[in-house]
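Enquirer: In this note's numbering, the protein residues as written are 77 to 150.
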């Protein structure tokens with residue numbers, strides 16, 4: 077099944093992200109990003125894992141971030 081634009085359509089829901097500075101001129105390069113819900117969920121999961129890793133690093137080495145100050149604020 078094809079859409080009017082000639083693209084293959086399989087009725088899979090897509091999320092489309094468009095940069096805020098998107099150039100709206102007629103001959104512009106399309107910088108939008110299309111993701112299926114599964115691809116988006118995988119990216120969210122990866123971001124959550126990276127956040128946990130960052131917090132673990134902060135807890136482990138946080139005392140060295142601010143010389144003379146402890147993480148407890150004392």
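Positions of the beta carbon are idealized from the N, C-alpha and C atoms, including for glycine.
Quantities reported herein were computed from a predicted structural model and do not represent experimental measurements.
Going straight from the alpha carbon of residue 103 to that of residue 119, what length do you get?
Expert: Rounded to the nearest angstrom, the two C-alpha atoms are 30 Å apart.
Enquirer: Assuming residue 94 and residue 110 are in contact, meaning their beta carbons sit under 8 Å apart, how far apart are those beta carbons, in whole angstroms?
Expert: Not a contact, Cβ separation roughly 10 Å.
Enquirer: Whole angstroms are fine: how far does the CA of residue 138 sit from the CA of residue 100?
Expert: Each residue's alpha carbon lies about 45 Å from the other.
Enquirer: For the beta strand (DSSP E) containing residue 128, name the first residue and the last one.
Expert: Note, residue 128: premise wrong, no beta strand (DSSP E); alpha helix (DSSP H) at 113-137.
Enquirer: Measure the alpha-carbon distance for residue 133 versus residue 123 and round it to whole angstroms.
Expert: Cα to Cα, the separation comes out at about 15 Å.
Enquirer: Given this structure, state the Cα-to-Cα distance separating residue 140 from residue 87, to the nearest angstrom.
Expert: So the two alpha carbons sit approximately 52 Å from each other.
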